[in-house]
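Written below as structure tokens is the structure these notes are about.
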Amino acid sequence: MAGLEDSLRGFLVELIRTAVTRLPRDVYEALERALEAEENPVARRQLEAMLENVRLAVRLGRPLCQDTGTPVFYLRVGDGFPLRSRLYEVVAEAVREATRVVPLRPNAVDPLRGRNSGDNTGRYVPWVEVELVPGDGLEAVFVAKGGGSEAPTRLVMALPLRGWEAVREAVLRAVAEAGPKPCPPFVVGVGIAAGGDQALSLAKRAALLRPLGSRHPDPEAARLEEELLEEVNRLGLGPHGFGGRVTALDLHIEYGFRHPATYAVGVVFSCWALRRASGVFEPDGSWRITSEHI
Ligand code: SF4
1 MAGLEDSLRG FLVELIRTAV TRLPRDVYEA LERALEAEEN PVARRQLEAM LENVRLAVRL
61 GRPLCQDTGT PVFYLRVGDG FPLRSRLYEV VAEAVREATR VVPLRPNAVD PLRGRNSGDN
121 TGRYVPWVEV ELVPGDGLEA VFVAKGGGSE APTRLVMALP LRGWEAVREA VLRAVAEAGP
181 KPCPPFVVGV GIAAGGDQAL SLAKRAALLR PLGSRHPDPE AARLEEELLE EVNRLGLGPH
241 GFGGRVTALD LHIEYGFRHP ATYAVGVVFS CWALRRASGV FEPDGSWRIT SEHI
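Take 1 as the starting number for the sequence shown in the working numbering and just add one per residue.
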């Protein structure tokens with residue numbers, strides 16, 4: 001088992017390295033499209049600098065932002081996966097190793113003592129969400145979630161009778177109040193559910209995991225995504241808040257059914273540096289990165 005654990009740790013370290021040094025292709029192409037659409041020269045310069053920064057990170061093998069984020073893992077674990085009981089420990093070990101070898105800025109701080117652990121691990125860090133699936137392999141998505149983009153997260157427990165209008169207002173207000181803090185152009189994730197925690201969890205997945213340019217399979221949700229994305233971009237915040245046409249690279253909605261008495265709306269941002277990578281690990285120790293990066 002020790003050999004298999006070493007392979008899993010090695011896979012996860014490479015997943016982290018890929019995410020923090022090479023932007024996913026869909027995000028890079030969305031930034032390119034934003035540059036094509038932008039007319040404001042100051043906004044254009046910001047976008048050009050982002051794209052150049054990404055290319056430099058790839059060439060030098062260095063993180064593409066100094067904020068290496070909070071490590072978040074979404075794991076689909078086969079019910080026969082041999083390392084199930086060691087999974088959390090191996091994930092944490094991989095984060096410690098990646099912090100040393102990539103290297104990553106340490107960002108995990110004890111909120112009661114104000115002490116940085118120095119290795120990007122601590123109580124509930126990394127954050128790991130596990131879904132059990134049939135099979136004996138492991139599918140992993142790693143996201144380095146930037147702190148600047150996390151700070152303006154919003155939860156609104158809306159009046160149910162206001163319906164969609166409350167969602168629209170929550171999103172536009174969240175964007176206006178966030179200003180340049182989430183490092184625009186960002187991706188907006190909107191979650192609707194019965195409970196506040198559920199709405200935020202759906203919003204985070206929508207912001208981080210859905211490919212840019214994709215629409216919700218429910219045609220009504222897809223229509224509302226298009227409509228709200230246009231409204232967000234009409235606010236004119238622009239890249240890094242200098243004004244411009246593209247404030248949001250995309251906007252994704254995810255919803256669950258609500259309780260008759262509740263209408264929870266979560267709004268989560270991902271900054272332009274949407275660093276995610278996915279991969280597959282097989283029970284024989286072989287693995288591959290499945291996401292496309294520049
Ligand atoms: S919010 Fe994103 S782009 Fe801004 S500093 Fe943090 S990681 Fe970097």
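Yeah, the Cβ is synthetic: ideal placement off N, Cα and C, and Gly gets one too.
Since this is a predicted model, take the numbers as computed values, not measurements.
Range covered by the alpha helix (DSSP H) that runs through residue 50
As a first step, residue 50 is located in the sequence shown; it is residue number 50 there, counting from the start. Per DSSP, residue 50 belongs to the alpha helix (DSSP H) from 41–60.
Just jot down, in chain order, the residues whose CB lies closer than 7 Å to any heavy atom of the ligand SF4.
65, 66, 67, 69, 146, 147, 148, 149, 182, 183, 271, 272 and 273
Pick from 237, 229 and 106 that is closest to residue 190, judged by C-alpha positions
Stepping through the sequence shown from its first residue, residue 190 is reached at position 190. The residue with the shortest Cα to Cα distance from residue 190 is 229.
Apply the 10 Å Cβ neighbour rule to residue 257 and answer buried if 16 or more other Cβ atoms are within range, or exposed otherwise.
Sequence index remark: in the sequence shown, residue 257 carries index 257 (1-based). With fewer than 16 Cβ atoms within 10 Å of its Cβ, residue 257 is classed as exposed.
Backbone secondary structure at residue 70 - three-state DSSP
Mapped onto the sequence shown, residue 70 falls at position 70. If DSSP states are grouped into helix, strand and coil, residue 70 belongs with the strands.
First and last residue of the uninterrupted beta strand (DSSP E) at residue 102:
Mapped onto the sequence shown, residue 102 falls at position 102. Neither: residue 102 is in no beta strand (DSSP E) and is coded neither H nor E.
Closest by C-alpha distance to residue 268, when choosing among 227, 83, 186 and 243
By one-based count along the sequence shown, residue 268 stands at place 268. Among 227, 83, 186 and 243, the Cα nearest to that of residue 268 is on 186.
Environment of residue 286 [buried if 16+ CB atoms lie within 10 Å]
Residue mapping note: residue 286 aligns to position 286 of the sequence shown, counting from 1. When all chains shown are included, residue 286 counts as exposed.
Apply the 10 Å Cβ neighbour rule to residue 38 and answer buried if 16 or more other Cβ atoms are within range, or exposed otherwise.
Taking the sequence shown and counting its residues from 1, the one referred to as residue 38 is at position 38. It is buried - the Cβ of residue 38 has at least 16 other Cβ atoms within 10 Å.
Taking residue 26 as part of the beta strand (DSSP E), name the residues at either end of that continuous run.
By one-based count along the sequence shown, residue 26 stands at place 26. It is not in any beta strand (DSSP E) - residue 26 instead sits in the alpha helix (DSSP H) that spans 25–37.
Length of the line joining the Cα atoms of residue 78 and residue 140
On the sequence shown, position 78 is the one that residue 78 refers to. On the sequence shown, position 140 is the one that residue 140 refers to. Straight-line Cα distance between these residues: approximately 11 Å.
Does the distance from the C-beta atom of residue 294 to that of residue 22 stay below 8 Å?
Translated into the one-based positions of the sequence shown, residue 294 becomes position 294. Translated into the one-based positions of the sequence shown, residue 22 becomes position 22. Result yes, Cβ atoms of residue 294 and residue 22 sit closer than 8 Å.
State the start and end residues of the unbroken alpha helix (DSSP H) segment that holds residue 295.
The shown model of the chain, from 1 to 294, leaves out residue 295, and the question about it has no answer.
Which of the three DSSP states, helix, strand or coil, is assigned to residue 279?
The count along the sequence shown starts at 1 and reaches residue 279 at position 279. In this structure, residue 279 counts as strand in the three-state DSSP scheme.
Under the three-state DSSP convention, the category residue 285 falls into:
Counted from its first residue, the sequence shown places residue 285 at position 285. Three-state DSSP puts residue 285 in coil, outside helix and strand.
Please say whether residue 103 and residue 119 have beta carbons closer to each other than 8 Å?
On the sequence shown, position 119 is the one that residue 119 refers to. On the sequence shown, position 103 is the one that residue 103 refers to. No. Outside cutoff.
Tell me the DSSP bridge mates of residue 252?
Counting from 1 along the sequence shown, the entry for residue 252 is found at position 252. Per DSSP, 189.
Suppose contacts are defined by Cβ-Cβ distances below 8 Å. Is residue 126 in contact with residue 91 by that definition?
Here residue 126 refers to the residue found at position 126 when the sequence shown is read from its first residue. Here residue 91 refers to the residue found at position 91 when the sequence shown is read from its first residue. Yes, these two residues count as a Cβ contact at 8 Å.
Between 200, 142, 168 and 116, which lies nearest to residue 153 when the distance is taken from Cα to Cα?
Residue 153 sits at position 153 when you count from the first residue of the sequence shown. Comparing Cα positions, the closest option is 200.
Can you check which of these residues, 88, 9, 15 and 6, is closest to residue 276 by C-alpha distance?
In the sequence shown, counting from the first residue as 1, residue 276 sits at position 276. Among 88, 9, 15 and 6, the Cα nearest to that of residue 276 belongs to 15.
Nearest-angstrom Cα distance between residue 145 and residue 41?
The sequence position of residue 145 within the sequence shown is 145, counting from 1. The sequence position of residue 41 within the sequence shown is 41, counting from 1. Going by the C-alpha atoms only, they are around 29 Å apart.
Is residue 57 buried or exposed, if buried means 16 or more other CB atoms sit within 10 Å of its CB?
If you number the sequence shown from 1, residue 57 lands on position 57. Answer is buried; the Cβ neighbour count reaches 16.
Do you know how far the Cα of residue 170 is from the Cα of residue 74?
To locate residue 74, count along the sequence shown from 1; it is residue 74. To locate residue 170, count along the sequence shown from 1; it is residue 170. Those two C-alpha atoms are separated by around 27 Å.
List the whole-angstrom C-beta distance separating residue 271 from residue 211, where the pair is believed to meet the contact cut-off of C-beta under 8 Å.
Along the sequence shown, one-based indexing puts residue 271 at 271. Along the sequence shown, one-based indexing puts residue 211 at 211. Contact flag wrong, Cβ pair sits at about 17 Å.
Going by beta carbon distance, what residues of the same chain come within less than 6 Å of residue 13, once the five residues before and after it are set aside?
Taking the first residue of the sequence shown as position 1, residue 13 is located at position 13. Closer than 6 Å at the Cβ level, and outside the excluded window around residue 13, lie 94, 97 and 98.
Helix or strand or just coil, what does DSSP make of residue 4?
To locate residue 4, count along the sequence shown from 1; it is residue 4. Residue state, collapsed to three classes: helix.
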